[in-house]
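Engineer: Each residue of the sequence shown is one higher than the last, beginning at 1 in full-length UniProt numbering.
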Amino acid sequence: MSAIREHIAALRPAIEEILKISGTAGASIGCIQDGEFYDAHFGFMDHEQTKTANADTLYSIGSLSKSMLALLFGSLVDDKIVSWNETVQSIIPEFRTQSKDLGNNCTVLDLLSMRSGLPTFNILWYQGNSEPLVNRSDLLSMVNGMTPSFTLRTDWRYTNWGYAIAGALAERKTGVEFHKQLQKAFFQPLGMTRTRLDPQWVEDGNAAQGFIGRNDASLIPIKTQVMDYSTIMAPGGGVCSTIKDLLVYYNAILSAIKDEIDGKRPENPIFKQIGTIFKGHTTMGQQRIETSTQYALGWVKGFLPGYPGVQSPNNGLLRNVPVIGKGTSSQVFFAHTGSVAGSLSTVILLPETRIAVVVLVNTKPACDSSDFIANMILERLLGGCGGHDFAELTREAMDKASRRYSEQNAELESSRVPNTSPKPLGEYRGRYSWKSKSFFVDVFVEDDKLKFQVMGRSDQIYCLEHYHYNTFTYLMTDDEEAERARYVQAIGAYKFVFQTNDMDRITGFEWVEMGGGPGVFQKD
1 MSAIREHIAA
11 LRPAIEEILK
21 ISGTAGASIG
31 CIQDGEFYDA
41 HFGFMDHEQT
51 KTANADTLYS
61 IGSLSKSMLA
71 LLFGSLVDDK
81 IVSWNETVQS
91 IIPEFRTQSK
101 DLGNNCTVLD
111 LLSMRSGLPT
121 FNILWYQGNS
131 EPLVNRSDLL
141 SMVNGMTPSF
151 TLRTDWRYTN
161 WGYAIAGALA
171 ERKTGVEFHK
181 QLQKAFFQPL
191 GMTRTRLDPQ
201 WVEDGNAAQG
211 FIGRNDASLI
221 PIKTQVMDYS
231 TIMAPGGGVC
241 STIKDLLVYY
251 NAILSAIKDE
261 IDGKRPENPI
271 FKQIGTIFKG
281 HTTMGQQRIE
291 TSTQYALGWV
301 KGFLPGYPGV
311 QSPNNGLLRN
321 VPVIGKGTSS
331 QVFFAHTGSV
341 AGSLSTVILL
351 PETRIAVVVL
361 VNTKPACDSS
371 DFIANMILER
381 LLGGCGGHDF
391 AELTREAMDK
401 ASRRYSEQNA
411 ELESSRVPNT
421 SPKPLGEYRG
431 RYSWKSKSFF
441 VDVFVEDDKL
451 KFQVMGRSDQ
461 IYCLEHYHYN
471 TFTYLMTDDE
481 EAERARYVQA
491 IGAYKFVFQT
501 NDMDRITGFE
511 WVEMGGGPGV
521 FQKD
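(1) Given a threshold of 16 other Cβ atoms within 10 Å of its Cβ, counted over all protein chains shown, does residue 463 qualify as buried or as exposed?
(2) Does residue 212 come out as helix, strand or coil in the three-state DSSP assignment?
(3) Which word fits residue 184, buried or exposed, when buried means at least 16 other C-beta atoms lie within 10 angstroms of its C-beta?
(4) Rounded to whole angstroms, what's the CA-CA distance from residue 240 to residue 72? Just pull it up for me.
(5) Over the uninterrupted alpha helix (DSSP H) stretch that includes residue 4, give me the two end residues.
(6) Excluding sequence positions up to five away, which residues of its chain have a Cβ less than 8 Å from the Cβ of residue 107?
(7) With H, G and I counted as helix, E and B as strand and the rest as coil, what does DSSP make of residue 449?
(8) Do you know offhand how far residue 237's Cα is from residue 412's?
(9) May I have the straight-line CA-CA distance separating residue 131 from residue 26, to the nearest angstrom?
(10) What does residue 496 pair with, by DSSP beta-bridge criteria?
(11) Which value, in whole angstroms, describes the spacing of the CA atoms of residue 161 and residue 233?
(12) Could you tell me the alpha carbon to alpha carbon distance between residue 208 and residue 46, rounded to whole angstroms?
(13) Mapping DSSP to helix, strand and coil, what is residue 251?
(14) Check each candidate in 211, 67, 12 and name the one with the smallest Cα separation from residue 337.
(15) Between 524, 315, 163, which has its C-alpha nearest residue 118's C-alpha?
(16) Could you give the distance in angstroms between the alpha-carbon of residue 224 and the alpha-carbon of residue 455?
(17) Cα separation between residue 177 and residue 169?
(18) Grouping DSSP H, G and I as helix and E and B as strand, with all else coil, what is residue 465?
(19) Does the distance from the CB of residue 314 to the CB of residue 368 come in under 8 Å?
(20) CA-CA distance, residue 320 and residue 159?
(21) Between which two residues does the beta strand (DSSP E) harbouring residue 50 extend?
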């Protein structure tokens, strides 16, 4: 048995334990070391819980798609179709944001390195039940309504909106849909025959079916979040792929980076502009170990010993994150996490030692099981010198996640002003539109309760509870979030503050936190 097979065989009980503790239905892992490819599969891939995945099983890989779009731009730049420092507005004149500086000066490089200042604002495109809230045709009006979270190029913030705009740029420049460009540029030349972005992938007989994991590790079968090429966020999260295809893809990337490091210039390389794509462009905030972690183009760049999972939700669930590679020589890593309702994914590349680890799971549990498994495997491949108990770390993360609702509820209660009354509920009724007018909320009274409905969707109705004065909340329990395939949010995301004019009439409300700032809605 080869070394890599021995490593994974030894880790099998721990992997199965992590899946059990976290409430993750199934997982597929792939590894490259010393030129050897290896894959292994755990749990089940289907709602009936009878089938185990294999190397050709399709998963939605979420934001692992971002590296593919960045590499596509490398080809476009190399072919002189676009330049890294070309402004968005010079390609898409309709790009006119709330900030003139952003609108006039934002470049392709700013979008892909996430230093544009565009807020996260996931609330505006996804609120659960696996379906997007807005269409691709709404992209520019949505982005143009956003107030930046910071001044252009002064900070870093994770946002899918920048990659959505970048996808539109690629299409505007070439006249070819971005997913067709990806097929021609990479998937076909590399023989990635199963990798796709079409909506029919879920009908494939070997496609992993999605689950949401509750805090008690029980499973809710769901339709995996819709992210195909027709949706607004497809450029940064719409790819579906397999372990087999991804190992081919990441091996080619390892070779390209190694050639760049060694100063080699192969003829007709598949990947272009490697130096720019894998350069750290923006120092990432909120890292827990070091200040050198940066965002490249579609990649987190850092150094071992360190924690490749700085982007993972686990980063906020652990008292101390695991330091991977203790006792080993310093080396660069490139990593990324992908997350959609019904699926999580993690990839870690070590180009200097030609190691790759990719983990795909068909569940969105309360913690990031893909991150724990990937880092555990990486530590083993590096010699197992960290001494971390990843099953115990999973328990710690699940325990922290299970306290989210009670902690947020306690925080709300501590700030509540007692003995206040709202206006008659009927005065809050009406349609409230966000700046772009492409996104709206209807507030209405039903059964003597104030409720709101997002984008006229029957599956997007929530009950508002009076908090104090003209402020209402809709804090949801973890089970309520899970049953609707929603993402848990910061506390401000569950709070509406209604505003009045000089005549004390309701004129709008502030959605206190939308991911990078508040959202202001005006009553129609």
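Heads up, the beta-carbon is just placed ideally off N, CA and C, and yes, glycines get one too.
Structural biologist: For this structure:
(1) Within the sequence shown, numbered from 1, the residue matching residue 463 stands at position 463. Sixteen is the threshold: since fewer than 16 other Cβ atoms of the shown chains lie within 10 Å of the Cβ of residue 463, the residue is exposed.
(2) Residue mapping note: residue 212 aligns to position 212 of the sequence shown, counting from 1. In the structure shown, residue 212 adopts extended strand secondary structure according to DSSP, grouped into three states.
(3) For this step, residue 184 is matched to residue 184 along the sequence shown. Its Cβ having fewer than 16 others within 10 Å, residue 184 is exposed.
(4) Walking along the sequence shown from the start, residue 240 turns up at place 240. Walking along the sequence shown from the start, residue 72 turns up at place 72. Cα-Cα distance, rounded: 17 Å.
(5) As a first step, residue 4 must be located in the sequence shown, where it is residue number 4. Residue 4 -> alpha helix (DSSP H) spans 3-22.
(6) Residue numbering aside, residue 107 sits at position 107 when the sequence shown is read from its first letter. Only 84, 85, 86, 87, 88 meet the Cβ criterion.
(7) Position 449 of the sequence shown holds residue 449. It is a strand residue.
(8) For the purposes of this step, residue 237 is identified with residue 237 of the sequence shown, where counting begins at 1. For the purposes of this step, residue 412 is identified with residue 412 of the sequence shown, where counting begins at 1. If you take the alpha carbons of residue 237 and residue 412, they lie about 33 Å apart.
(9) For the purposes of this step, residue 131 is taken as the residue at position 131 of the sequence shown. For the purposes of this step, residue 26 is taken as the residue at position 26 of the sequence shown. Those two C-alpha atoms are separated by around 23 Å.
(10) Reading the sequence shown from its first residue, position 496 is the one you call residue 496. Answer is 472, 511.
(11) Here the question's residue 161 lines up with position 161 in the sequence shown. Here the question's residue 233 lines up with position 233 in the sequence shown. Looking at the two C-alpha atoms, the distance is approximately 7 Å.
(12) As a working mapping, residue 208 is identified with position 208 in the sequence shown. As a working mapping, residue 46 is identified with position 46 in the sequence shown. Going by the C-alpha atoms only, they are around 6 Å apart.
(13) Here residue 251 corresponds to residue number 251 of the sequence shown, with the count starting at 1. DSSP places residue 251 in helix when its eight states are reduced to three.
(14) Stepping through the sequence shown from its first residue, residue 337 is reached at position 337. Residue 337 has its Cα closest to that of 67, out of 211, 67, 12.
(15) To locate residue 118, count along the sequence shown from 1; it is residue 118. Among 524, 315, 163, the Cα nearest to that of residue 118 is on 163.
(16) The count along the sequence shown starts at 1 and reaches residue 224 at position 224. The count along the sequence shown starts at 1 and reaches residue 455 at position 455. Roughly 21 Å between the two C-alpha positions.
(17) Indexing the sequence shown from 1 puts residue 177 at position 177. Indexing the sequence shown from 1 puts residue 169 at position 169. Approximately 10 Å, taken between the alpha carbons.
(18) As a first step, residue 465 is located in the sequence shown; it is residue number 465 there, counting from the start. Strand at residue 465.
(19) Numbered from its first residue, the sequence shown carries residue 314 at position 314. Numbered from its first residue, the sequence shown carries residue 368 at position 368. For residue 314 and residue 368, yes; Cβs fall inside 8 Å.
(20) In the sequence shown, residue 320 corresponds to position 320, counting from 1. In the sequence shown, residue 159 corresponds to position 159, counting from 1. Spanning the two alpha carbons is a distance of roughly 26 Å.
(21) Residue mapping note: residue 50 aligns to position 50 of the sequence shown, counting from 1. Residue 50 -> no beta strand (DSSP E), and no H or E assigned at all.
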